[in-house]
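Working notes, structure below.
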Amino acid sequence: MKKLIVANWKMNPSTEKEAKELFDTVKAAFAKASASQRKGIEVVICPPFVYLSLLKGITLGAQNVFYKEQGSFTGEVSPLMLKDLKVKYVIVGHSESRKNLNETDEIINKKVKEVLAVELKPILCVGENEGESKSEVLEKQITQDLKNVSEKDLKNVVIAYEPIWAIGTGNNCSIEETIISVLMIKKIIAKLYSEKIVENMKILYGGSVNSQNSAEYIKNREVDGLLVGGASLNAEEFVKIIKLT
């Protein structure tokens, strides 16, 4: 199974010129990687919506989406629009969207299903905040966010474990704690679906990932990839993460 390295640029960079430069630098570096290395990983860039049509040559992802294909929804972007722009992955339920945009599990569930309906792949973000019960939060989020998602569709869902307290703080989750969380996620999904489906699902880690700590996650067989935030805005740093994979 290929490792998945996802760059979430968030609301960065500020200009089209900077976006193209960052993207092209990463694309050129990835092209120079060995054939075996390129074969073993998939790199995904998730820029702001306004840059999606400008970037080509690496798999694209979107940072969010609306749960309708079209209509009178001012300011929203539909999954069909993303598909037309050759987007393959869509981040859904990121903790910043849950907090800043008041996205509930019900809304996230609608988004997951709509993304799957147009044959795109949702990257469903789940994770607890400091002081919360990990098991309770993960079970609630996964159960509600995947409600009425069929086992057939589930094979196209990627789960990203992102403990909220680790995002943008510089305090990454230890590999030991991450493995506990990943196994917990697998157990919840196995209970909802089956043991077999879990074997073919990708589960990523996200939260203060950088080139100094990425290898310990990516080399562990329980972690199928990374969701990289701030470090993905530095081309040299992100390329290091790719090369360490």
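In my numbering, the protein residues as written are 139 to 383.
C-beta: ideal position from N, C-alpha, C; glycine also.
Keep in mind it's a predicted model, so treat the numbers as computed, not measured.
Within 10 angstroms of the Cβ of N286, are there 16 or more other Cβ atoms? Answer buried if so, exposed if not. With a 10 Å radius around the Cβ and a threshold of 16 neighbouring Cβ atoms, N286 comes out exposed.
V256 to V215, Cα distance in whole Å? For V256 and V215, the distance between alpha carbons rounds to 14 Å.
Kindly indicate which three-state DSSP category G306 falls into: helix, strand or coil? G306: coil per DSSP, three-state reduction.
In the DSSP assignment, what are the bridge partners of Y227? Its beta-bridge partners are G199, K259.
Would you list the residues sitting across from C184 in a DSSP beta bridge? BP columns for C184 point to N146.
State the start and end residues of the unbroken alpha helix (DSSP H) segment that holds V320. Counting along the chain, the alpha helix (DSSP H) containing V320 begins and ends at 313-330.
C-beta atoms of V264 and Q282 nearer than 7 Å: No, they are not a contact pair.
With burial defined as no fewer than 16 other Cβ atoms inside 10 Å of the residue's Cβ, what is the status of S233: buried or exposed? Counting of Cβ neighbours within 10 angstroms places S233 among the buried residues, the total reaching 16 or more.
How is the alpha helix (DSSP H) around K272 delimited, first residue to last? For K272, the enclosing alpha helix (DSSP H) stretches over residues 272-283.
For N348, collect the residues of the same chain with a Cβ closer than 6 Å to its Cβ; drop the 5 residues on either side in sequence, then sort them by chain order. Around N348: A369.
From V225 to S191, what does the alpha carbon distance come to, in whole angstroms? Using only the alpha carbons, I get a separation of about 9 Å.
Three-way DSSP call (helix, strand, coil) for L364 in this model: Of the three classes helix, strand and coil, the one that applies to L364 here is strand, per DSSP.
Flag this pair as touching only if the region 307-318 and the region 337-357 have three or more C-beta atom pairs under 8 Å; answer yes or no. The region 337-357 and the region 307-318 touch, with three or more beta-carbon pairs separated by less than 8 Å.
From the DSSP output, in three-state form, read off K340 for me. Here K340 sits in strand by DSSP.
I'd like the list of long-range same chain contacts for V361, defined as Cβ closer than 6 Å, with 5 residues on each side in sequence excluded. Contacts found: Y343, Y355.
Residue span of the alpha helix (DSSP H) that contains Y355, given as start and end: 352-356 is the span of the alpha helix (DSSP H), which, as asked, contains Y355.
Classify V377 as helix, strand or coil using the three-state DSSP reduction. Collapsing the DSSP output to three states places V377 in a helix.
Compare the C-alpha of L198 against each of S210, K249, I261 and name the closest. Comparing Cα-Cα distances from L198 to each of S210, K249, I261, the minimum goes to I261.
Starting from the C-beta of K293, find all residues in its chain whose C-beta is less than 8 Å away, skip the five residues before and the five after it, and write them out in chain order. For K293, where only same-chain residues beyond five positions count, the Cβ hits under 8 Å are I335, N338, M339.
Throw me the rounded Cβ distance for the K251 and V230 pair, which I believe falls under 8 Å. Not a contact, Cβ separation roughly 10 Å.
Quick one: is S319 buried, meaning 16 or more other Cβ sit within 10 Å of its Cβ, or exposed? Residue burial annotation: S319 is buried, with at least 16 other C-beta atoms found within 10 angstroms of its C-beta.
Could you tell me if the beta carbon of A171 falls within a distance shorter than 6 Å of some heavy atom in the ligand SAH? In the structure on display, the ligand SAH does not appear, and there are no ligands present to speak of.
Nearest CA to the CA of E277: which residue from L321, N240, A166? Looking at the Cα atoms, L321 is the closest of the given residues.
Less than 8 Å between C-beta atoms, sequence neighbours within five positions excluded: which residues of the same chain meet that for E300? Cβ within range, chain order: H232, S233, C263, V264, G265, Y343, G344, G345, L365.
For E207 and K177, the rounded distance between their alpha carbons: Taking the straight line joining both Cα atoms gives about 34 Å.
Rounded distance between the beta-carbons of L284 and L330, thought under 8 Å: With 8 Å as the limit, L330 and L284 qualify as a contact, their Cβ atoms being about 7 Å apart.
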